[in-house]
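Chemist: Residue numbers (my numbering): 2 to 234.
Each residue gets a CB set at the ideal place from its N, CA and C atoms; glycine is no exception.
Take this structure, written in structure tokens, and hold onto it; I'll ask about it next.
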Ligand code: ADE
């Protein structure tokens with residue numbers, strides 16, 4: 002089956018770089034969302050910037066499935082580290098994703114569990130993780146890559162107490178605001194998902210200061226990696 006890869010970036014610079022590199026490019030607008038359809042390194046892709054948060058993330062994936070028939074979704078962006086071994090500049094590839102702000106404990110559900118959902122953690126594609134890891138080694142050889150759980154919620158985490166609470170309940174490597182919603186949408190639609198996150202801050206009291214400094218570098222790393230991945234997909 003011909004693959005059509007949906008790429009959702011969080012950062013303007015990163016999306017701009019990938020759009021620049023696209024061939025046979027078409028700009029298509031549905032509602033208030035702009036999509037770019039074309040080829041990246043010979044692979045069929047649809048690219049969009051989704052905005053912040055879980056709803057923006059999930060609805061953009063769903064639009065890509067419905068309007069463009071994507072077979073895979075790749076999400077790139079930044080995240081706050083929740084593990085002392087993972088530093089600003091390192092990259093996390095999600096092996097699964099959970100919501101840290103989903104809570105229906107009153108009905109007997111475990112914290113994070115979406116009621117009546119048949120999974121607790123949303124899976125990602127092992128095959129895409131392997132391709133991403135290889136691509137990163139090639140284009141960003143100095144960047145360390147970690148694999149593990151990503152936690153998402155509609156909250157920028159910038160204090161130790163909230164950070165520690167997320168670590169205690171979910172043991173993720175990093176925290177961001179979209180990944181689990183995209184993995185959820187991918188799961189429901191039976192398509193493959195990959196979440197790539199470059200660490201921009203430590204999700205603590207210094208997070209607001211570190212975030213803008215690192216964002217540009219993260220965008221360059223992520224764009225380079227996604228471009229390289231398209232040669233091997
Ligand atoms: N994205 C980047 N840093 C983050 C943080 N500290 N919390 C949530 N999302 C983030």
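The ligand ADE and residue 81: does the residue's C-beta get closer than 7 Å to at least one heavy atom of that ligand?
Modeler: yes
Chemist: CA-CA distance, residue 109 and residue 220?
Modeler: 41 Å
Chemist: Between 118, 186 and 97, which lies nearest to residue 66 when the distance is taken from Cα to Cα?
Modeler: 186
Chemist: Quick check on the DSSP output: the beta strand (DSSP E) that includes residue 25 runs from which residue to which?
Modeler: 24–31
Chemist: Which residues bound the alpha helix (DSSP H) around residue 166?
Modeler: Residue 166 -> alpha helix (DSSP H) spans 161–171.
Chemist: Can you list the alpha helix (DSSP H) stretches of 4 or more residues lying completely in the segment 166–209, in chain order?
Modeler: Fully enclosed alpha helix (DSSP H) runs of 4 or longer: 180–189.
Chemist: Please report how far the alpha carbon of residue 138 lies from the alpha carbon of residue 107, in whole angstroms.
Modeler: 46 Å
Chemist: Taking residue 77 and residue 97 to be in contact with their CB atoms under 8 Å, please state how far apart those CB atoms are, rounded to whole angstroms.
Modeler: About 17 Å separates the two Cβ atoms, so there is no contact after all.
Chemist: Can you tell me which of the three DSSP states residue 240 falls into?
Modeler: Look at the range of the chain in this structure, 2 to 234, and you will see that residue 240 is not part of it.
Chemist: Count the other CB atoms, across all protein chains shown, that sit within 10 Å of the CB of residue 101; report buried if there are 16 or more and exposed otherwise.
Modeler: buried
Chemist: For a test of your reading of the model: does the CB of residue 123 fall under 7 Å from any non-hydrogen atom of the ligand ADE? Yes or no.
Modeler: no
Chemist: With distances taken Cα to Cα, identify the nearest neighbour of residue 132 among 16, 204 and 195.
Modeler: 195
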